[in-house]
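Data block below; observations after.
Number of protein chains: 2
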Amino acid sequence: MPDKAVILLSGGLDSATCLAEARHQGFSAHCLSFDYGQRHRAELRAAARVAATLGAAEHRILKLDLGQFGGSALTDPSLAVPTDGATRPGEIPVTYVPARNTILLSLSLAWAEVLNAHDIFVGVNAVDYSGYPDCRPEYIAAFERMANLATRAGTEGCRLNLRVPLMRLSKAEIIRMGHRLGVDYSLTVSCYQADEEGRACGLCDACRLRREGFAAARLPDPTRYARPAGNPRQA
Amino acid sequence: MPDKAVILLSGGLDSATCLAEARHQGFSAHCLSFDYGQRHRAELRAAARVAATLGAAEHRILKLDLGQFGGSALTDPSLAVPTDGATRPGEIPVTYVPARNTILLSLSLAWAEVLNAHDIFVGVNAVDYSGYPDCRPEYIAAFERMANLATRAGTEGCRLNLRVPLMRLSKAEIIRMGHRLGVDYSLTVSCYQADEEGRACGLCDACRLRREGFAAARLPDPTRYARPAGNPRQA
Numbered sequence: 011m012p013d014k015a016v017i018l019l020s021g022g023l024d025s026a027t028c029l030a031e032a033r034h035q036g037f038s039a040h041c042l043s044f045d046y047g048q049r050h051r052a053e054l055r056a057a058a059r060v061a062a063t064l065g066a067a068e069h070r071i072l073k074l075d076l077g078q079f080g081g082s083a084l085t086d087p088s089l090a091v092p093t094d095g096a097t098r099p100g101e102i103p104v105t106y107v108p109a110r111n112t113i114l115l116s117l118s119l120a121w122a123e124v125l126n127a128h129d130i131f132v133g134v135n136a137v138d139y140s141g142y143p144d145c146r147p148e149y150i151a152a153f154e155r156m157a158n159l160a161t162r163a164g165t166e167g168c169r170l171n172l173r174v175p176l177m178r179l180s181k182a183e184i185i186r187m188g189h190r191l192g193v194d195y196s197l198t199v200s201c202y203q204a205d206e207e208g209r210a211c212g213l214c215d216a217c218r219l220r221r222e223g224f225a226a227a228r229l230p231d232p233t234r235y236a237r238p239a240g241n242p243r244q245a
Numbered sequence: 011m012p013d014k015a016v017i018l019l020s021g022g023l024d025s026a027t028c029l030a031e032a033r034h035q036g037f038s039a040h041c042l043s044f045d046y047g048q049r050h051r052a053e054l055r056a057a058a059r060v061a062a063t064l065g066a067a068e069h070r071i072l073k074l075d076l077g078q079f080g081g082s083a084l085t086d087p088s089l090a091v092p093t094d095g096a097t098r099p100g101e102i103p104v105t106y107v108p109a110r111n112t113i114l115l116s117l118s119l120a121w122a123e124v125l126n127a128h129d130i131f132v133g134v135n136a137v138d139y140s141g142y143p144d145c146r147p148e149y150i151a152a153f154e155r156m157a158n159l160a161t162r163a164g165t166e167g168c169r170l171n172l173r174v175p176l177m178r179l180s181k182a183e184i185i186r187m188g189h190r191l192g193v194d195y196s197l198t199v200s201c202y203q204a205d206e207e208g209r210a211c212g213l214c215d216a217c218r219l220r221r222e223g224f225a226a227a228r229l230p231d232p233t234r235y236a237r238p239a240g241n242p243r244q245a
């Protein structure tokens, strides 16, 4: 019996790569996605397709209305998603969802405990998204420490591991890793404001980083755009 | 303008006391309750009454289906709530909900961040419920540390404080504290299997601890029981 792992799967490029890596390491993959009041649902359909093609043992979607707290352009319709260039260094983007990773990791922890899984994979990355406080290595280490004090697993001497295989990789390195592991990136949706068919806007920070990543990895970009993509040099 | 605090309010004795203490310290109280698939809803109605009578600025109930993960007698109808005596020392009771405090604190953290509140009150207690790993002081300290790395507040130099005024108090001391602060305990519901009217079973661990607490505090027990309460000495 392979060891079980919980994988946080958003339907985007990073979490798909993370799932492929967990499978590559031999884990039975129990994927968890969240319907947290995102502006579009295309990424949840993408998550289901990615889970199926990468041989996940299970895929669950948990409904969670983070939108009622407000505070982020990703869940609050009154805040616009910025399309005017990358966020300045040191600034937290308006697309940051308050405490999102903490909430999603906490729910993963509950499921891991019930499954008796000792590994949680999450595709956070400190390189391209350094504006999000809850993507930093010191945050992940603190969450792991807290989790090992929070649970039955922690108290019974079985360590819970928070696995972040993408933490130190550039977007291009992530894409090359997923390419080697057979990820079909045409199934994934990264865009903050994809349309109902999962086609990307080509303008938001997530689209920009993704397009630049494929260019830097020297691999064909299979992203489906709602409008013709601009020249990455202008981004 | 008083400082805002988020208060986790279950509708039970401990969280009601915690809310009274937050108000006593001068905080504007933003109370958060969870509809997480508990067996009974009486405690949510109790939370609303407690929030109103203790002058909360706001009370929100967030729906969250923890039951779909299973693993606890409080959310899984296939597991019985034990009524045959207190859990043995060192053992984690079947009523433990996997990662519950971590999940509830994470959601409080999101709301605190949106409210720009730097204090979260939670009525955890290491004395009477020592079987729950996520009620221990070292767990609370680890969560607070993680929270300060997770959020905008943490990165901007404003410390987030996790306040646990009941941590080291016995049930009798908590009851005396709430009594001094004017808590009407007849409004609160502690029982793990209260009926629809909020009447307690008188038999579960929570009922047992509560009844013994009022006896030890030498204060009248205003709890409404569904059946005549047994002699606490037999508990």
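These protein sequence lines are chains A and B, in that order. To convert, count from 1 in the first sequence and add 10; that's the working numbering. To convert, count from 1 in the second sequence and add 10; that's the working numbering. A virtual CB, placed ideally from N, CA and C, is assigned to each residue, including glycine.
| query | Name the chain B residues that come within less than 7 Å of Asp-144(A), Cβ to Cβ? | reply | As a first step, residue 144(A) is located in the first sequence; it is residue number 134 there, counting from the start. Within chain B, the residues near Asp-144(A) are Ala-160.
| query | Using a C-beta cutoff of 8 Å, does Val-124(A) count as contacting chain B? | reply | Residue numbering aside, residue 124(A) sits at position 114 when the first sequence is read from its first letter. It does; some Cβ of chain B falls within 8 Å.
| query | How is Glu-206(A) classed by DSSP in three states: helix, strand or coil? | reply | By 1-based counting over the first sequence, the position of residue 206(A) is 196. Looking at Glu-206(A) - three-state DSSP - the assignment turns out to be coil, as it is neither helix nor strand.
| task | Could you check if Gly-192(A) is buried or exposed, using at least 16 other CB atoms within 10 Å of its CB as the buried criterion? | result | One-based indexing of the first sequence puts residue 192(A) at position 182. By the neighbour-count rule (16 or more Cβ atoms within 10 Å), Gly-192(A) is not buried but exposed.
| message | Looking at Phe-153(B): is its Cβ nearer than 8 Å to the Cβ of Leu-172(B)? | response | As a first step, residue 153(B) is located in the second sequence; it is residue number 143 there, counting from the start. As a first step, residue 172(B) is located in the second sequence; it is residue number 162 there, counting from the start. Yes; because the gap between Cβ atoms is below 8 Å, this pair is in contact.
| Anyone know if the C-beta pair for Arg-218(A) and Ala-236(A) falls short of 8 Å? | Your numbering for residue 218(A) matches position 208 in the first sequence. Your numbering for residue 236(A) matches position 226 in the first sequence. No, Cβ-Cβ distance for Arg-218(A) and Ala-236(A) is not below 8 Å.
| said: For Asp-24(B), which residues in the same chain have their Cβ closer than 7 Å to its Cβ, ignoring the five residues on either side in sequence? | reply: Start at 1 with the first residue of the second sequence, and residue 24(B) comes out as number 14. Excluding the 5 residues flanking it on each side, Asp-24(B) has same chain C-beta neighbours closer than 7 Å at Gly-133, Asn-135, Leu-176, Ile-184, in chain order.
| When the distance is taken between beta carbons, is Ala-61(B) closer than 8 Å to Leu-115(B)? | In the second sequence, residue 115(B) corresponds to position 105, counting from 1. In the second sequence, residue 61(B) corresponds to position 51, counting from 1. No, the pair does not count as a contact, with Cβ atoms beyond the cut-off.
| request: State the start and end residues of the unbroken beta strand (DSSP E) segment that holds Ser-180(B). | output: Taking the second sequence and counting its residues from 1, one reaches residue 180(B) at position 170. If you look at Ser-180(B), you'll find it isn't in any beta strand (DSSP E); DSSP assigns it neither H nor E.
| request: Return the chain-ordered list of same chain residues with a C-beta closer than 6 Å to the C-beta of Pro-143(B), the five sequence neighbours on each side being excluded. | output: Along the second sequence, one-based indexing puts residue 143(B) at 133. Cβ within range, chain order: n/a, list empty.
| query | Would you say Ala-32(A) and Ala-39(A) are within 8 Å of each other, going by their C-beta atoms? | reply | Taking the first sequence and counting its residues from 1, the one referred to as residue 32(A) is at position 22. Taking the first sequence and counting its residues from 1, the one referred to as residue 39(A) is at position 29. The answer is yes: Cβ separation under 8 Å.
| task | Return the Cβ separation of Ala-109(A) and Ala-109(B) in integer angstroms, given the expectation that the two are a contact with Cβ distance under 8 Å. | result | As a first step, residue 109(A) must be located in the first sequence, where it is residue number 99. As a first step, residue 109(B) must be located in the second sequence, where it is residue number 99. Their Cβ separation, rounded to whole angstroms, is 15 Å, which puts Ala-109(A) and Ala-109(B) out of contact at 8 Å.
| query | Of all Cβ atoms in chain A, is any one closer than 8 Å to the Cβ of Ile-184(B)? | reply | Numbered from its first residue, the second sequence carries residue 184(B) at position 174. It does not; no Cβ of chain A falls within 8 Å.
| request: With a 10 Å radius around its C-beta and 16 neighbouring C-beta atoms as the bar for buried, classify Cys-168(A) as buried or exposed. | output: Counted from its first residue, the first sequence places residue 168(A) at position 158. With fewer than 16 other Cβ atoms within 10 Å, it is exposed.
| query | Does DSSP put Ser-38(B) in a helix, a strand or coil? | reply | Numbered from its first residue, the second sequence carries residue 38(B) at position 28. Correct three-state label for Ser-38(B): strand.
| message | For Leu-119(A) and Glu-206(B), what's the separation of their Cα atoms in angstroms? | response | Here residue 119(A) refers to the residue found at position 109 when the first sequence is read from its first residue. Here residue 206(B) refers to the residue found at position 196 when the second sequence is read from its first residue. So the alpha carbons of these two residues sit roughly 31 Å apart.
| query | Taking the C-alpha atoms as reference points, what is the distance between Ala-96(A) and Glu-148(B)? | reply | Here the question's residue 96(A) lines up with position 86 in the first sequence. Here the question's residue 148(B) lines up with position 138 in the second sequence. Any answer about Ala-96(A) is weak, because its pLDDT of 47 lies below 50 and its placement is not dependable; what the coordinates show is given next. Spanning the two alpha carbons is a distance of roughly 39 Å.
| How would you list, in chain order, the residues of chain A whose beta-carbon sits under 7 Å from the beta-carbon of Ala-109(B)? | As a working note, residue 109(B) is residue 99 in the second sequence. Ordered by position in chain A, the residues that pass the 7 Å Cβ test against Ala-109(B) are Ser-116, Leu-119, Ala-120, Glu-123, Ala-160, Thr-161.
| Could you give the residue range of the alpha helix (DSSP H) that holds Asp-215(B)? | Stepping through the second sequence from its first residue, residue 215(B) is reached at position 205. 215 to 227 is the extent of the alpha helix (DSSP H) around Asp-215(B).
| query | Which one of Thr-198(B), Leu-54(B), Ala-30(B) has the shortest CA to CA distance from Ile-15(B)? | reply | Indexing the second sequence from 1 puts residue 15(B) at position 5. Correcting the residue identity first, residue 15(B) is Ala in this sequence and not Ile. Among Thr-198(B), Leu-54(B), Ala-30(B), the Cα nearest to that of Ala-15(B) is on Ala-30(B).
| Distance, Ser-43(B) Cα to Ile-71(B) Cα | For the purposes of this step, residue 71(B) is taken as residue 61 along the second sequence, with counting starting at 1. For the purposes of this step, residue 43(B) is taken as residue 33 along the second sequence, with counting starting at 1. So the alpha carbons of these two residues sit roughly 5 Å apart.
| In the structure shown, what three-state DSSP assignment does Tyr-149(B) receive? | Here the question's residue 149(B) lines up with position 139 in the second sequence. Three-state DSSP puts Tyr-149(B) in a helix.
| said: How far does the beta strand (DSSP E) with Asn-135(B) in it extend, from its first residue to its last? | reply: Counting from one through the second sequence, the residue named residue 135(B) turns up at place 125. Segment: none, Asn-135(B) is in no beta strand (DSSP E) and carries neither H nor E.
| task | Could you tell me if Asn-126(B) is buried or exposed, where buried requires 16 or more neighbouring beta carbons within 10 angstroms of its beta carbon? | result | As a first step, residue 126(B) must be located in the second sequence, where it is residue number 116. Under this definition Asn-126(B) is an exposed residue.
| field | Cβ-based burial, Arg-221(B) [other Cβ within 10 Å; buried from 16] | value | What you label residue 221(B) is simply residue 211 of the second sequence in a count that begins at 1. So Arg-221(B) counts as buried.
| task | Quick one: grab the DSSP three-state call for Tyr-248(B). | result | The structure shown has nothing for residue 248(B), since chain B only spans 11 to 245.
| said: Assuming contact is defined by CB atoms lying nearer than 8 Å, are Thr-198(B) and Gly-21(B) in contact in what I supplied? | reply: For the purposes of this step, residue 198(B) is taken as the residue at position 188 of the second sequence. For the purposes of this step, residue 21(B) is taken as the residue at position 11 of the second sequence. Their beta carbons are under 8 Å apart, which means Thr-198(B) touches Gly-21(B) by this criterion.
| Based on the DSSP secondary-structure assignment, which residues constitute the bridge partners of Phe-44(B)? | The residue given as residue 44(B) occupies position 34 in the second sequence. Phe-44(B) pairs with Leu-72(B).
| message | My output table needs one value for Leu-84(A): the three-state DSSP class, helix, strand or coil. | response | Position 74 of the first sequence, counted from the first residue, corresponds to residue 84(A). Reliability of the predicted coordinates at Leu-84(A) is poor, the pLDDT of 47 falling under 50, and the value obtained from them is presented with this limitation in mind. In the three-state reduction of the DSSP assignment, Leu-84(A) falls in the coil class.
| said: Run through the DSSP bridge pairs and tell me what Leu-191(B) is partnered with. | reply: What you label residue 191(B) is simply residue 181 of the second sequence in a count that begins at 1. In the DSSP output, where bridge partners are listed per residue, Leu-191(B) has none listed.
| task | Could you tell me if Ser-200(A) is buried or exposed, where buried requires 16 or more neighbouring beta carbons within 10 angstroms of its beta carbon? | result | To locate residue 200(A), count along the first sequence from 1; it is residue 190. Buried: at least 16 other Cβ atoms inside 10 Å.
| message | Whole angstroms are fine: how far does the CA of Gly-223(A) sit from the CA of Asp-231(A)? | response | The residue labelled residue 231(A) in the question sits at position 221 within the first sequence. The residue labelled residue 223(A) in the question sits at position 213 within the first sequence. When rounded, the distance between both Cα atoms is 9 Å.
| task | Check the Cβ-Cβ distances between Arg-220(A) and every residue of chain B, and say whether any is below 8 Å. | result | The residue labelled residue 220(A) in the question sits at position 210 within the first sequence. Not a single CB atom of chain B sits nearer than 8 Å to the CB of Arg-220(A).
| query | Under 8 Å, do Cys-41(A) and Ala-66(A) count as touching if we go by C-beta distance? | reply | Within the first sequence, the letter at position 31 stands for residue 41(A). Within the first sequence, the letter at position 56 stands for residue 66(A). Cβ distance < 8 Å, so Cys-41(A) and Ala-66(A) count as in contact.
| request: For the alpha helix (DSSP H) containing Ala-15(B), list its first residue and its last residue. | output: Start at 1 with the first residue of the second sequence, and residue 15(B) comes out as number 5. Bounds of any alpha helix (DSSP H) do not take in Ala-15(B); it lies within the beta strand (DSSP E) bounded by 14 to 18.
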